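Residue numbers (this note's numbering): 447 to 584.
To start, the structure itself, in structure tokens.
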């Protein structure tokens with residue numbers, strides 16, 4: 447009887463693990479490509495091409511393999527949110543496979559970008575860009 451209970455985890459640990467998996471369903475190797483629906487993959491490729499001047503190295507990332515976005519203008523939060531809003535405008539509300547909060551969590555995680563703001567800050571700035579109209583180019 448005692449041996450059976452040793453292999454069991456407490457409910458709080460199980461619940462915490464479930465919450466962690468739900469909030470962070472991505473790993474270090476998860477590609478941006480994996481978060482966007484297949485019908486929007488051409489838009490993702492075009493978007494990466496469009497924002498390449500704002501990325502470090504100015505080299506166009508491979509749109510199928512990109513796991514990280516390094517912006518060369520991390521002090522310009524408006525520019526970063528403009529870039530993200532540009533993608534979301536192009537692919538629409540249903541263009542990503544995950545919840546919008548997970549998408550922003552992915553973008554602000556240190557494994558996937560150098561964006562120096564929280565998930566909530568990026569989400570607010572991006573939604574404001576979409577709400578008030580995207581300026582042509584910053």
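Every residue, glycine too, gets a C-beta built ideally from N, C-alpha and C.
Remember, predicted model here, so these are calculated numbers, not experimental data.
Alpha helix (DSSP H) containing residue i: first to last residue?
{"i": "residue 554", "result": "546-554"}
{"i": "residue 495", "result": "487-497"}
{"i": "residue 501", "result": "Neither: residue 501 is in no alpha helix (DSSP H) and is coded neither H nor E."}
{"i": "residue 567", "result": "565-577"}
DSSP state of residue i, grouped into three classes?
{"i": "residue 515", "result": "strand"}
{"i": "residue 561", "result": "coil"}
{"i": "residue 527", "result": "helix"}
{"i": "residue 481", "result": "helix"}
In terms of alpha-carbon separation, which member of the options lies closest to residue i?
{"i": "residue 591", "options": "515, 488 and 499", "result": "In the structure displayed, the chain extends from 447 to 584; residue 591 sits before or after that span and is not available."}
{"i": "residue 512", "options": "464, 521, 538 and 498", "result": "498"}
{"i": "residue 477", "options": "521, 501, 576 and 559", "result": "559"}
{"i": "residue 569", "options": "485, 543, 523 and 510", "result": "523"}
Report, in whole angstroms, the separation of the C-beta atoms of residue i and residue j, which I expect to be a contact under 8 Å.
{"i": "residue 532", "j": "residue 496", "result": "7 Å"}
{"i": "residue 549", "j": "residue 501", "result": "About 18 Å; that fails the 8 Å criterion."}
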